[in-house]
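Residue numbers (this note's numbering): 192 to 1126.
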């Protein structure tokens, strides 16, 4: 902490150096100020950006005369000669014919016009952030073409591009200033919880397709780049404050606040620094879906109810089996067992809203020092630290309240005109996070253990039946008696039990999640364009080490951290031909992970610029991508109540060890004891598919049983084909793209049931003694359910296309519209137990209209989006997400004299609440007013 205080003191100390400065104003053809225009001295690194009133001050150690360059997105650049320090510079920029001349870097790791990008790319800059009608710029990404958000929490949104994504989107990568924002423990991006403040965003670039050839294994279905502002070019103090309300039927109307400050200072041409602070607080979208997880039309009145947002009711058992156990102990007559139905009964659970305070918050801190030893961009050394902490809800196999989580990243980077070398580390701490399912289960067990509860239920049912009650009445009476002593939410007794449970990491008694995992990463790139003339050639590489440390709570790391590494190298050649009309790009990357064979990922693309003005740009590309199994796929060993999530790294099967009790005397004889110890090998080598085990339980026919035949997980692969066209015709910007993907070895989950004794055989193995023992184990509950990570042998295909149009329709009114189609092809009948989890609407339409110069300094923007209904599949719950129409709107007003922008906005105006993740809260309305100083 002393080091960071030193950083801050350096920012604000009174070190100054004599510099020359010029000032001026940048306006458009209507004499309206242009905020955010870049002003720089040609041939020098000195630069700045214009304020909200279009004014600027540019400092440099260089004395006039010199030439400055002024650029802004949507306008033609201008160069102005400066002859003296006293010169007042006035620059008028002319509207550019097309916005497709924006410069992007991510598509080829080198600056190029959007028009010439070899793959589909979407971009959001400073101007777009100002226009967005969403509560935050990250929320506004949903209005980009090809983006579908998966909202787990008001503060936790996961980006889905081209499908096959749940909240835990391990097929998507997010880089902030070159650092991967993924959780070290879980391998997926945590939204913008440790991202960047909106007043520090310079640009956002999105590649929606496979990018493994340049960015490695995790860039399988898309990658997002967020670049922050440099203190050398963006100085001063900027701040924003938002206040608003959220409205949801379940949660009511609640306040939320969001504010931040950015301080940047270039002390001279050698040294600069910046500090960012942002804080958000609000009330969660309450999750109140009380449908049964697996059966339609089932409600709380059903004796074996398992509600989606109800926890503790996952504990269930067969009522006749309970009666048999009671009779064996002499607690009820043997004849009474026949009065009990052979049906499962579940305990009474607790609603999610009673197991969390339903509050969300997020604090982000970003500190960086920038050194330029030669006073220019030939070499810049950056030391950066990022911190993110707060509360949110994450949905995976269960619902988890991430309470006081803490994540930090520290980076040192050396970069120049043609190279970079960076190393960073990411560390996370679970804080007081907990699993809501086990919270419900173990709060129940605090006031009455399962054995006693089910015993009282069975005994009361027998008594009620003998007293002449109907089965429905007997069940109701039995639950009332068994629930005697139940802890009531809000009472002191409940709070005491709740606090004990969430602070205990033992799943038999508690629900706390423990995590102190880390990532160590280094990567480098060099571009030979100034040394080799015939083509632009780049080389690069990366290395990463994972250190998993959940103390045995989530992973099989009870004996100490699990470490494994991966590395990769790539090269790219880019060459322009045919009078620079045809651009060829070829790249290839090799990656090797510790537990798997190496993979080679090539990419080939062509871009042709047709027409006299070269504004008809046709592109085509082919690339392969792959995704290494994630840390979860390999090393998880997590008890989620209904099953064990078990990773399939070879050493993980031996790491996982569990001792379980045997329920019946016959079973104990078969097992040769009261307990049985199993390992991960039992799950993969001696189990039945869960679907066949369920069919056997219903029909009692052993012939329905199928032995699990599953391989250990291996990398999945994709072959991606893409065609596209970009142009500007009759003042209309056009972007059309289509893609076709072929997936092999697609990674997914398989649910299985392992008998605790005997041998799993197809058809139950009736003629085998081992097979008969396994049948006995299944019939008497002496089994363990697992969710395994594996690959499907079947080929999965997906295709889609999109079109985006934008133009100024009247004066400064700008209209934009885009449409996306997406579908996948998978023969479920050939692999009935496999879930692809496409989780993407087939049809999506988005539109916006706005005018930043409606009246003087008044601007507005309205955006709308619609999606068709779609199937949601995840390890938590499956079901249909309904179609939704969402309208957002904002008006803003610039006060140049105050150097401020005021904005009033609302999201989901007049629309009904909608969902994006089955199990998460429905999204209601959000209203806000904001004040940004020096935007």
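We put the beta carbon where it would ideally sit given N, CA and C, even for glycine.
Bear in mind the structure is a predicted one, so any value in this text is a computation, not a measurement.
Spatial neighbours of residue i in its chain, beta-carbon cut-off 6 Å, leaving aside the 5 residues before and after
{"i": "residue 607", "result": "569, 570"}
{"i": "residue 929", "result": "914, 992"}
{"i": "residue 341", "result": "349, 351, 358, 1107, 1108"}
{"i": "residue 834", "result": "976, 977, 978"}
{"i": "residue 471", "result": "449, 553"}
{"i": "residue 395", "result": "315, 417"}
Option nearest residue i by Cα separation, candidates the options
{"i": "residue 644", "options": "508, 530, 723, 549", "result": "508"}
{"i": "residue 681", "options": "479, 477, 1050, 541", "result": "541"}
{"i": "residue 386", "options": "408, 346, 1094", "result": "346"}
{"i": "residue 997", "options": "1015, 926, 901, 1081", "result": "926"}
{"i": "residue 737", "options": "373, 315, 233", "result": "373"}
{"i": "residue 845", "options": "935, 750, 937", "result": "750"}
{"i": "residue 821", "options": "888, 905, 760, 742", "result": "905"}
{"i": "residue 999", "options": "1028, 1043, 1023", "result": "1043"}
{"i": "residue 281", "options": "244, 544, 881", "result": "244"}
{"i": "residue 232", "options": "261, 224, 215", "result": "261"}
{"i": "residue 903", "options": "1090, 871, 879", "result": "871"}
{"i": "residue 513", "options": "1102, 504, 523", "result": "523"}
{"i": "residue 220", "options": "267, 249, 212", "result": "267"}
{"i": "residue 840", "options": "537, 787, 807", "result": "787"}
{"i": "residue 1139", "options": "378, 985, 632", "result": "Residue 1139 lies beyond the residue range present for the chain, which begins at 192 and ends at 1126; the question has no answer from this structure."}
Under the three-state DSSP convention, the category residue i falls into
{"i": "residue 403", "result": "helix"}
{"i": "residue 1124", "result": "strand"}
{"i": "residue 846", "result": "helix"}
{"i": "residue 138", "result": "The requested residue 138 is not part of the displayed model; the chain covers only 192 to 1126."}
{"i": "residue 768", "result": "strand"}
{"i": "residue 463", "result": "strand"}
{"i": "residue 1114", "result": "strand"}
{"i": "residue 864", "result": "coil"}
{"i": "residue 541", "result": "strand"}
{"i": "residue 1101", "result": "coil"}
{"i": "residue 1014", "result": "strand"}
{"i": "residue 1157", "result": "Coverage of the chain is limited to positions 192 through 1126, which leaves residue 1157 absent and any answer about it impossible."}
{"i": "residue 546", "result": "coil"}
{"i": "residue 919", "result": "strand"}
{"i": "residue 837", "result": "strand"}
{"i": "residue 937", "result": "coil"}
{"i": "residue 523", "result": "coil"}
{"i": "residue 825", "result": "helix"}
{"i": "residue 888", "result": "helix"}
{"i": "residue 729", "result": "strand"}
{"i": "residue 598", "result": "strand"}
{"i": "residue 783", "result": "strand"}
{"i": "residue 629", "result": "helix"}
7 Å CB neighbourhood of residue i in its chain, flanking five on each side removed
{"i": "residue 288", "result": "With a pLDDT of only 48 at residue 288, under 50, the local geometry of the prediction cannot be trusted, and the value read off the model is given with reservation. Only 919 meet the Cβ criterion."}
{"i": "residue 468", "result": "451, 452, 556"}
{"i": "residue 886", "result": "895"}
{"i": "residue 672", "result": "647, 651"}
{"i": "residue 747", "result": "826, 828, 843, 846, 847"}
Same chain, Cβ closer than 8 Å to residue i, neighbours up to 5 away in sequence not counted
{"i": "residue 414", "result": "297, 363, 364, 365, 366, 397, 398, 402, 406"}
{"i": "residue 1209", "result": "Nothing about residue 1209 can be read from this structure; the chain reaches only from 192 to 1126."}
CB contact check: residue i to chain B, cutoff 7 Å
{"i": "residue 436", "result": "Structure shown: chain B not included; a single protein chain is present."}
Does the region 1028-1036 touch the region 999-1012, meaning 3 or more C-beta pairs lie closer than 8 Å?
yes
With a threshold of 8 Å, are at least 3 pairs of Cβ atoms found where one atom belongs to the region 618-635 and the other to the region 575-595?
yes
Note down, one range per segment and in chain order, each beta strand (DSSP E) of at least 3 residues found wholly within the region 1056-1088.
1061-1063, 1070-1072, 1075-1086
Beta strand (DSSP E) runs wholly inside the region 952-988, at least 3 long, in chain order:
974-982
Length at least 3, wholly inside the region 669-721: the beta strand (DSSP E) runs in chain order
709-718
Would you mind listing the beta strand (DSSP E) stretches within the region 353-394 that are 3+ residues and don't spill past its ends, in chain order?
Listed in chain order, they are 364-367.
Could you name each continuous beta strand (DSSP E) segment of 3 residues or more that falls completely within the region 220-295, going from the start of the chain to the end?
Fully enclosed beta strand (DSSP E) runs of 3 or longer: 229-232, 238-240, 246-251, 257-262, 269-273, 279-283.
Below 8 Å, can you find three or more Cβ-Cβ pairs linking the region 523-536 to the region 648-661?
yes
How about the region 857-867 and the region 1081-1094: do they share at least three Cβ pairs that are nearer than 8 Å?
no
Three CB pairs or more closer than 8 Å across the region 793-807 and the region 765-778
yes
Quick check: the region 1048-1059 against the region 1080-1087, are there 3 or more CB pairs under 8 Å?
yes
Would you call the region 1060-1072 and the region 220-240 touching, i.e. three or more CB-CB distances under 8 Å?
no
Validate contact between the region 1056-1065 and the region 314-331 using beta carbons, cut 8 Å, 3 pairs
Too few Cβ pairs lie closer than 8 Å, so no.
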